[in-house]
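J.: Before we start, here is the structure in question, set down as structure tokens.
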Ligand code: ADP
Ligand code: ZN
């Protein structure tokens with residue numbers, strides 16, 4: 581099974597990807613994770629991408645395509661994979677097509693995770709993080725016992741992240757919709773997309789994705 585996954589920030593794409601791959605026994609190939617690992621390891625690739633990533637920009641198509649081409653030719657990918665974070669541009673989608681054609685493989689399903697923008701704003705607006713130890717909370721769903729004080733480490737450093745504030749979230753969502761739309765359309769034209777609503781519990785979404793895979 582060869583899968584792609586798209587979804588806006590805050591929609592729970594990472595959770596769904598992790599659980600689907602664990603259940604199906606597929607490698608979860610996340611380009612973001614691979615690049616972060618390269619930066620952490622101080623590799624040649626890491627040195628090339630560090631600046632762009634820190635500035636919140638996209639790594640060049642050429643570079644990321646090389647990384648993915650290498651990865652998809654490693655032994656553990658023979659039985660399939662789930663690609664998370666790639667493709668992000670049309671040239672990347674075309675390069676993936678060309679590579680798969682060369683390998684006599686094809687994408688089986690493009691999973692599109694959907695959650696209403698307003699719901700994402702509510703979720704992220706409630707998210708709180710401890711600056712001291714990294715523990716996360718939710719103002720409504722899992723609040724700290726004492727306002728602003730971390731249950732885990734006791735420091736009064738539980739705050740809202742700047743990029744979780746509603747205005748910033750809305751602009752991140754607008755960017756996602758604008759950038760991802762042409763890609764989703766590219767796969768829609770090939771009849772490969774299926775949308776899954778993740779407004780509720782991720783477990784239900786994972787079950788729906790697995791049912792869709794079983795039906796193919
Ligand atoms: P996000 O923080 O948007 O969830 P990821 O964790 O998928 O993003 O990726 C983190 C960073 O890695 C991106 O901001 C970008 O700089 C780089 N990156 C990951 N995948 C790609 C890609 N397919 N094309 C270009 N850059 C990428
Ligand atoms: Zn803490």
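Residue numbers (this note's numbering): 581 to 796.
Cβ coordinates follow ideal geometry from the N, Cα and C atoms, glycine included.
In terms of residue numbering, what span does the alpha helix (DSSP H) encompassing residue 611 cover?
T.: Note, residue 611: alpha helix (DSSP H), 611–621.
J.: Between the Cα of residue 780 and those of 593, 634 and 581, spot the shortest distance and give me the residue it belongs to.
T.: Among 593, 634 and 581, the Cα nearest to that of residue 780 is on 593.
J.: Leaving out five residues before and five after residue 672 in sequence, what residues of the same chain have Cβ atoms less than 7 Å from its Cβ?
T.: For residue 672, the CB contacts under 7 Å within the same chain, skipping 5 residues up- and downstream, are 641, 644, 645 and 666 in chain order.
J.: Check the C-beta distance from residue 690 over to residue 772 and give it rounded, since I have them as a contact under 8 Å.
T.: 5 Å
J.: For residue 757, is the classification buried or exposed, using 16 other Cβ atoms within 10 angstroms of its Cβ as the cut-off for buried?
T.: exposed
J.: Can you name, in chain order, every residue of its own chain whose Cβ lies under 7 Å from the Cβ of residue 710, other than the five neighbours on each side?
T.: 730, 732, 733, 735, 737 and 738
J.: Assign residue 590 to one of two classes, buried (16 or more other C-beta atoms within 10 Å of its C-beta) or exposed (fewer than that).
T.: buried
J.: Identify the residues that DSSP records as bridge partners of residue 726: which are they?
T.: 729
J.: For the ligand ADP, which residues count as neighbours when the test is a C-beta closer than 5 Å to any heavy atom?
T.: 611, 612, 615, 633, 638, 639, 644, 665, 666 and 668
J.: Opposite residue 710 in the DSSP bridges: which residues?
T.: 738
J.: Where does residue 588 land, buried or exposed, given buried means 16+ other C-beta within 10 angstroms?
T.: buried
J.: Would the beta-carbon of residue 797 be found less than 8 Å away from any heavy atom of the ligand ZN?
T.: Residue 797 is absent from the structure shown; the chain starts at 581 and stops at 796.
J.: Per DSSP, what kind of secondary structure is residue 686 in: helix, strand or coil?
T.: coil
J.: Classify residue 796 as helix, strand or coil using the three-state DSSP reduction.
T.: DSSP places residue 796 in the coil class of the three-state scheme, outside both helix and strand.
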